[in-house]
Every structure is written in C-alpha cells, then in structure tokens.
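Numbering (our numbering), first residue to last: 2 to 373.
Ideal Cβ placement from N, Cα and C applies to all residues, glycine included.
Quick caveat, the model's predicted, so the values are computed rather than measured.
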Amino acid sequence: MRTKMAALVAVGLLTLGGTAACTDDDGDGAGSNGGGPRGGTGSGKVGVILPDTTTSQRWGTDDPKLLKAAFDAADVPLDIQNAQGDKAKFVQIAESMIASGVKVLMTVNLDPVSGKAVLAKAKAAGVKTIDYDRLTLNGGANYYVSFDNVAVGKLQGEGLVKCLAEKKAKLPLVADLNGSPTDNNATLFKAGYDAVLQQRYDDGSFLKGPDQSVTDWNNKEAGVVFAEMWQQTGKRIDAVLAANDGLGNAAIEVLKKDKKNGIVPVTGQDATIQGLQNILAGDQCMTVYKEIKKEAEAAADLAIKLYKGEKPDTKGVVVKDPESGAYVESVLLLPTAIDITNINKVIKDGFVEKKAVCAGRFAALCRENGIK
Ligand code: BGC
Numbered sequence: 002m003r004t005k006m007a008a009l010v011a012v013g014l015l016t017l018g019g020t021a022a023c024t025d026d027d028g029d030g031a032g033s034n035g036g037g038p039r040g041g042t043g044s045g046k047v048g049v050i051l052p053d054t055t056t057s058q059r060w061g062t063d064d065p066k067l068l069k070a071a072f073d074a075a076d077v078p079l080d081i082q083n084a085q086g087d088k089a090k091f092v093q094i095a096e097s098m099i100a101s102g103v104k105v106l107m108t109v110n111l112d113p114v115s116g117k118a119v120l121a122k123a124k125a126a127g128v129k130t131i132d133y134d135r136l137t138l139n140g141g142a143n144y145y146v147s148f149d150n151v152a153v154g155k156l157q158g159e160g161l162v163k164c165l166a167e168k169k170a171k172l173p174l175v176a177d178l179n180g181s182p183t184d185n186n187a188t189l190f191k192a193g194y195d196a197v198l199q200q201r202y203d204d205g206s207f208l209k210g211p212d213q214s215v216t217d218w219n220n221k222e223a224g225v226v227f228a229e230m231w232q233q234t235g236k237r238i239d240a241v242l243a244a245n246d247g248l249g250n251a252a253i254e255v256l257k258k259d260k261k262n263g264i265v266p267v268t269g270q271d272a273t274i275q276g277l278q279n280i281l282a283g284d285q286c287m288t289v290y291k292e293i294k295k296e297a298e299a300a301a302d303l304a305i306k307l308y309k310g311e312k313p314d315t316k317g318v319v320v321k322d323p324e325s326g327a328y329v330e331s332v333l334l335l336p337t338a339i340d341i342t343n344i345n346k347v348i349k350d351g352f353v354e355k356k357a358v359c360a361g362r363f364a365a366l367c368r369e370n371g372i373k
C-alpha cells in the first residue's frame, strides 16, 4: 500500500512537473504535446523511444519529425525521446515514461535484452506496446510496424548485381558489411541480399569475399572493419554490400584513399542526404528508400487507437517472432530501390529537400542528372 501511495505521489509530481516541459521533454526539439487530453494522472501520453542519432539520419531527423506530425494531427499528446545509443538510458527513459503514466509505449530497441526488459515493465504496468521498425525478439510487444526487411535486403543484392553488370565486372569479389548482430532487421536484410548473391556464388559468376557485422551499426567501427577487409584481400574487393548508407559511406571513405571510389560499387539504405550525394558523385551505386512517413503514420495510427482504448485492425497481417514462436500483429510496408535514375522520387515525396541534396558542390551534379 505504501509503495502504491508513493508511486501515485510520484506520478502526480511528474505530471505537474512535466506540464511546462511537455512540448519538448528532452530538450532535443523532438518532443511534442499535441494538446489532447492532458494533466491529471489518468490522462497519459504516448511514449516513443528512438535508439540513437548516429547510425542513421532517420532517428535524429526523419522519424521524430514525421511521428510528431502524425500525433499532432490527431491531437494526441506525445513524449518522444532518444536513448542516444545507451541501453541503460533506454531503460531509464522507459521507466520514467511508465511512471509518468504513458498509455502506450513505442520503442526501437537497441538490443533484445534491454528491449525485452522494457516491454516486460510496460506490460506489468498495463501499458500497450508497439515495436517500431525493429522487432524485439521474444519481447511480446502487442504490435509491430516496419518494412518488409527481407525485401529491403533483396533490393540491395539486386542493386549490386545491376551495378556490377553495368561495369561489366568479371568474377567480382563481393564483401558484406552487415548491420548490428543484435538488430533483427540486420538479420532480415542479410537474408534478403544473401539469397540474391548466393545464386551468383553458386553459378560461379561472383566470388564470396569477407563478410562481417558491425557492432551497433557504428559507422566508425565500419570504417575500421572495412579497412581491414581491404588490406586482408590485398585491396582486391570489387563490390561492397553495405547494409545502410552510414556503413556504405565508411567503406567509400576507405576506397577514396586508394582512388577506388566509384570503381567499386557500394550499396546503402535509408536514402539519407549523404547517401544520395554519394550516388550523385558516383561513389555509391544505390540506396533503399523506406517511406518513413508511411511507417510513422501507420505506427501513430495504431498508437492513437490504443490510446483511445480502441482495438486496431491490422487486417490479419502477422509476423512470427523466430525466438518465441509467437505471432505479432503487424503492419509491413514495401521499400523502393533508388539509384542515379530516380533520386527525384525521394525529393518529390518531400522526404529530403532538393536544396539539402543539391547543396554546394552537388549543385552541378544535380543539374547534370536532372534533379528537380
Ligand atoms: C533500420 C535502418 C537503419 C539501421 C541503423 C535498422 O534497424 O531499419 O533504417 O539504417 O537500423 O540505424
């Protein structure tokens, strides 16, 4: 009883203390309070925890902006924070959100252990949960919203095959720079591109080269890993399957030192400004555009229904958690491959601004390539 009272007092204090700051609780400019039901201990908010701001442009820029817009449009109060790559901080943020009375918690986990711990705490407090973009293995979230991540990997594999064909490469040695081994998405991306590349290894047209994962998608570590691959093969790598634009850029930086950028095709993902500029410069062969606006809107739609006590309809789409065997109600979106021929799509969609992509030395490249 005493604990319960103390908890209620804590909730009351947090609610009062949080009112002034609730438009931006973490001071990073990403917070939002749409102005729906607020105040009072029972009203709650929707809590969102994003993973970091260094492994992809999306987490610091695209997702917070698009999620905020979706919740604001429905006038549902939002507390959105970023764990800055720190698992302990991820858990701490979740604990304080749960203590402050969030009704729904949406997380992008940093690893299955901390991700699962947070989902268990939320469940114990009666908070509904959504795995956003990354499935928490054996986590038991109520819902999962993401892309068809095997399809993302397939586009990367096919993109690399196409770039090598355009370069008329003979028996190319292909290196894999995979995402974090603790991110289920990285496993799915790899399943997608391995399926494409394995056919080439089997028919003898490609050679399998070094294949390594990058801890926590750390871009700096990716540079070290790729530099080692490059040295160990006697600088003989002919193509790089990099799992996202950040890892791709790390490989490009290494290739630049030997003036092999643009000669060795490199893939990516996320249609980041850097990735698109690398494509314009001819250093990156493709990226994968995931319409994060749709992902954010789909997740917000589920969260808002749960917030209002309604049951969302995911139209029978389920994803099997490979660890627990449970089926998680899901929304899965389709990715698009982007290369030098269709960068305009990403700009037309408003995902990136032309002036950001075509800044400085990229202005001339944009003109040459008909970027509108
Ligand atoms: C996301 C990618 C992102 C990567 C690194 C993955 O889980 O799906 O979009 O590039 O994490 O942050």
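Any non-hydrogen atom of the ligand BGC closer than 7 Å to residue i Cβ
| i | result |
| --- | --- |
| Q270 | yes |
| N279 | no |
| S331 | no |
| N220 | no |
| K191 | no |
| S115 | no |
| S57 | yes |
| G368 | Here residue 368 is Arg; the residue named in the question, Gly, does not match the sequence. R368 Cβ: outside cutoff for every heavy atom of the ligand BGC. |
| G180 | yes |
| M60 | One detail in the question is off: residue 60 reads as Trp in this sequence, not Met. For the ligand BGC, at least one heavy atom lies less than 7 Å from the Cβ of W60. |
| R201 | no |
| K88 | no |
| K291 | yes |
| D63 | no |
| D212 | no |
| D134 | yes |
| D184 | yes |
| N245 | yes |
Residues bridged to residue i [DSSP beta-bridge criterion]
| i | result |
| --- | --- |
| A272 | Partner(s): none; A272 has no beta bridge. |
| D340 | Looking at the DSSP assignment, D340 forms no beta bridge with any residue, so it has no partner. |
| A176 | V241 |
| G61 | According to DSSP, G61 bridges with nothing at all. |
| D80 | G48 |
| Y328 | K321 |
| L1 | What the structure shows of the chain is the stretch from 2 to 373, and residue 1 is not part of that stretch, so it cannot be assessed. |
| L333 | S147 |
Among the options, the one whose alpha carbon lies nearest that of residue i
| i | options | result |
| --- | --- | --- |
| T288 | A152, K88, K295, L79 | A152 |
| V146 | A327, E324, T315, I341 | T315 |
| G154 | V175, T137, N143, Y194 | Y194 |
| N185 | D217, C367, V197, G224 | D217 |
| N150 | K356, C367, D350, V332 | V332 |
| E326 | Y133, I81, G140 | Going by the sequence as given, residue 326 is Gly instead of Glu. Among Y133, I81, G140, the Cα nearest to that of G326 is on G140. |
| L111 | L335, K171, S181, Q275 | S181 |
| P52 | V197, V226, I94 | I94 |
| V105 | L366, E324, Y308 | Y308 |
| N370 | K261, D350, D340 | D340 |
| P113 | D73, M98, V128, A89 | A89 |
| A392 | D132, I238, A228 | With the chain represented from 2 up to 373, any question about residue 392 goes unanswered, as that position is not in the structure. |
| E96 | V119, Q213, A84 | V119 |
| L248 | E229, Q233, M230, G269 | G269 |
| K257 | N245, A282, D271, T273 | A282 |
| Q285 | K209, L174, Q157, D132 | Q157 |
| N279 | V358, K295, D204 | V358 |
Residue i versus residue j - alpha carbon distance
| i | j | result |
| --- | --- | --- |
| A297 | K69 | 9 Å |
| K346 | V241 | 25 Å |
| A121 | F91 | 14 Å |
| D63 | I50 | 14 Å |
| P65 | A301 | 12 Å |
| D259 | I253 | 10 Å |
| E311 | I305 | 8 Å |
| A364 | A243 | 26 Å |
| A125 | T54 | 29 Å |
| I81 | N179 | 28 Å |
| M107 | T342 | 36 Å |
| R368 | T337 | 23 Å |
| C164 | N143 | 40 Å |
| K356 | Y328 | 43 Å |
| K117 | R362 | 45 Å |
| K373 | E167 | 25 Å |
| D350 | A299 | 17 Å |
| R59 | K261 | 28 Å |
| G160 | Y290 | 13 Å |
| I264 | I293 | 31 Å |
| G61 | D177 | 26 Å |
| I131 | Q233 | 43 Å |
| S115 | E324 | 16 Å |
| V215 | V226 | 8 Å |
| E330 | Q85 | 28 Å |
| I344 | D246 | 15 Å |
Neighbour flag for residue i against chain D, beta carbons, 8 Å
| i | result |
| --- | --- |
| P113 | Among the chains in the structure shown there is no chain D, since it carries only a single protein chain. |
>> Quick check for students: name the residue ranges of the beta strand (DSSP E) that lie wholly in the stretch 209 to 290, counting only runs of 3 or more.
In response: 240 to 243, 288 to 290
>> Quick check for students: name the residue ranges of the alpha helix (DSSP H) that lie wholly in the stretch 102 to 169, counting only runs of 4 or more.
In response: 113 to 125, 150 to 167
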